[in-house]
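Asks: If you count the sequence shown from 1, position 64 lands on 63 in numbering that gives the first Met the number 0, and the numbers rise without skipping.
In this text, a Cβ means the ideal position worked out from N, Cα and C, and glycines have one as well.
Just passing along the structure, written as structure tokens.
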Amino acid sequence: MKKKLLLILIVALILIPLYFVFRKARISQDLIAPDLRESLNIVLLTIDTLRADHLECYGYDKVKTPHINRLAAEGTRFRDVISPTPLTLPAHSSIFTGTYPLFHGVRDNGGFYLDPKHVTLAEVLKEKGYQTGAFVGAFVLDSRWGVDQGFDYYFDNFDLTKYKKISLDSVQRRGDEVLGEARNWIGRNGQGKFFAWIHLYDPHTPYEPPEPYGTQYKGGPYSLYDGEIAYVDELIGGFLEFLRNQGLADKTLIILTGDHGESLGEHKESAHGFFVYDAAVRVPLIIHLPGGTASRGPEIGEQVKSTDIMPTLLDLVDADVPPAVQGQSLVPLLKGREGEAGAAAYSETFFPRYHYGWSELRSLRQGRFKFIDAPRPELYDVSIDPGELSNLINEKASLGHDMKRDLDGL
């Protein structure tokens with residue numbers, strides 16, 4: 000009897016892990032053709048300072064973005080995607096580690112470094128046999144800040160001698176230069192599978208879109224911001240055409256997202272960094288799988304997070320997700336399993352504290368409601384008040400207390 004029980008236990012110990020391995024492979028294989036899985040290329044496009052509600056495919060009618068529209072129509076667009084911070088370096092650190100700033104420790108631009116102890120998306124993909132290349136448009140993501148971990152080639156190379164005053168915001172390059180280098184690298188490495196991260200900084204201040212967009216979008220105080228977005232859309236269209244001409248489009252997974260948004264005068268903030276309202280932390284996310292739309296359809300309404308991007312990509316290529324990752328794979332949502340995401344999303348900014356001695360801000364966005372832990376606490380029903388103008392903290396004091404408790408629990 001004991002021998003029989005021991006045999007059953009041994010068989011179970013062997014079969015249970017195999018079940019989860021085969022289950023994971025089956026989920027991903029349904030989304031990506033089996034013959035593509037081992038040769039799948041990945042392109043991650045992060046567009047700096049891109050708020051979700053200034054894209055045409057998110058319902059905005061003051062800008063034309065036909066190429067991003069096509070990506071969204073042929074792929075899956077996530078409606079509510081929350082960045083953990085309205086700052087470039089911490090936000091990208093979260094995208095690449097799948098963890099919050101609370102964990103990876105990068106709380107501001109400059110003066111903070113992504114510690115090598117944190118495992119990045121590029122490191123995992125490199126171990127899985129990918130050639131890895133990064134192409135960044137601003138000094139704030141220079142390799143000196145640690146976000147180059149895992150990349151075979153990291154295109155920063157900023158000529159600081161051209162600038163009389165060095166600042167993280169001012170040292171930047173246009174997107175056509177970034178994409179030119181990306182195309183050159185892909186041309187050299189496109190025979191094997193590759194992971195390319197392309198960072199476009201153009202929507203960031205100053206808003207100076209090249210012609211014809213400077214003229215087409217000349218108008219209100221922030222209309223040139225839309226012009227920058229239209230210019231980026233043109234660049235993306237050219238890059239997608241390049242992939243098609245190289246015969247790579249049908250075997251390349253494309254992810255487009257923003258690192259954070261831009262307030263554009265809302266709440267008396269012209270740019271970003273001070274506040275954690277949705278204008279600054281709600282970003283787009285489009286996942287375009289080879290072969291067309293995922294089974295779930297073109298839009299997913301459950302709330303997701305920038306920290307979910309890393310585990311999603313690793314899940315899609317059957318790579319192991321590092322145990323420290325705090326995001327969750329979106330593959331179940333892509334498969335049509337409603338309700339498997341929608342977890343609370345945390346955001347923070349320490350910019351006011353480090354630069355002005357004011358209070359840092361933290362927020363928790365869950366379901367319809369968003370709580371902001373500020374010197375004067377704020378609570379909003381974002382389903383009916385997307386501009387976060389009507390503070391409900393007095394009307395719904397109990398809910399505010401519960402969300403404050405959950406936020407402190409982090």
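(1) Name the two residues that bound the continuous alpha helix (DSSP H) containing L124.
(2) Provide the residue span of the alpha helix (DSSP H) that contains E233, from first to last.
(3) Considering only C-alpha positions, which residue in the set L252, P321 and V381 is nearest to L239?
(4) How close, in whole Å, do the beta carbons of L378 and L398 come, if the pair is a contact with beta carbons under 8 Å?
(5) Would V146 pass as a contact of F95 if the rule is Cβ separation under 8 Å?
(6) What does the alpha-carbon distance come out to for the pair G326 and R404?
(7) Quick one, are the C-beta atoms of L288 and D47 less than 8 Å apart?
(8) To the nearest angstrom, how far is it from the Cα of P220 to the Cα of D151?
(9) For S328, which of A342, A344, T311 and K334 has the nearest alpha-carbon?
(10) Looking at the structure shown, is V177 part of a helix, part of a strand, or coil, going by DSSP?
(11) So the candidates are L332, L315 and M309; which of them puts its Cα closest to the Cα of A323?
(12) Is the distance from the Cβ of F154 to the Cβ of V170 below 8 Å?
(13) Which partner residues of A195 appear in the DSSP bridge assignment?
(14) What residue range does the beta strand (DSSP E) around D79 cover?
(15) Please state if the CB of Q148 and the CB of G191 are separated by a distance shorter than 8 Å.
(16) When DSSP labels each residue in this structure, what does F154 get in the three-state scheme?
(17) Using DSSP's beta-bridge definition, name the partner residues of H287.
(18) Using only alpha-carbon positions, find the residue among T214, D372 and I81 that is nearest to V303.
Replies: To lay it out plainly:
(1) In the sequence shown, the residue the question calls residue 124 occupies position 125. Segment L120 to E126, the alpha helix (DSSP H) holding L124.
(2) Locating residue 233 in the sequence shown gives position 234, counting from the first residue. First-last of the alpha helix (DSSP H) with E233: S222 to N244.
(3) To locate residue 239, count along the sequence shown from 1; it is residue 240. Ranking the options by Cα distance to L239, first place goes to L252.
(4) If you number the sequence shown from 1, residue 378 lands on position 379. If you number the sequence shown from 1, residue 398 lands on position 399. Their Cβ separation, rounded to whole angstroms, is 7 Å, which keeps L378 and L398 in contact under 8 Å.
(5) For the purposes of this step, residue 146 is identified with residue 147 of the sequence shown, where counting begins at 1. For the purposes of this step, residue 95 is identified with residue 96 of the sequence shown, where counting begins at 1. Yes; because the gap between Cβ atoms is below 8 Å, this pair is in contact.
(6) Residue mapping note: residue 326 aligns to position 327 of the sequence shown, counting from 1. Residue mapping note: residue 404 aligns to position 405 of the sequence shown, counting from 1. Roughly 21 Å between the two C-alpha positions.
(7) Residue mapping note: residue 288 aligns to position 289 of the sequence shown, counting from 1. Residue mapping note: residue 47 aligns to position 48 of the sequence shown, counting from 1. Not in contact: L288 and D47 (Cβ atoms no closer than 8 Å).
(8) In the sequence shown, the residue the question calls residue 220 occupies position 221. In the sequence shown, the residue the question calls residue 151 occupies position 152. Roughly 41 Å separates the two Cα atoms.
(9) In the sequence shown, the residue the question calls residue 328 occupies position 329. Comparing Cα positions, the closest option is T311.
(10) Taking the first residue of the sequence shown as position 1, residue 177 is located at position 178. Helix.
(11) Here the question's residue 323 lines up with position 324 in the sequence shown. Ranking L332, L315 and M309 by Cα distance to A323 puts M309 first.
(12) Position 155 of the sequence shown holds residue 154. Position 171 of the sequence shown holds residue 170. No. Outside cutoff.
(13) Numbered from its first residue, the sequence shown carries residue 195 at position 196. Beta-bridge pairing links A195 to V42 and G132.
(14) Within the sequence shown, the letter at position 80 stands for residue 79. From DSSP, the beta strand (DSSP E) with D79 extends over T75 to I81.
(15) Counted from its first residue, the sequence shown places residue 191 at position 192. Counted from its first residue, the sequence shown places residue 148 at position 149. The answer is no: Cβ separation not under 8 Å.
(16) In the sequence shown, residue 154 corresponds to position 155, counting from 1. Here F154 sits in strand by DSSP.
(17) As a position in the sequence shown, residue 287 is number 288, starting the count at 1. Partner residues in the beta bridge of H287, as assigned by DSSP, are I253.
(18) Looking up residue 303 in the sequence shown gives position 304. Of the candidates T214, D372 and I81, the one whose C-alpha sits nearest the C-alpha of V303 is I81.
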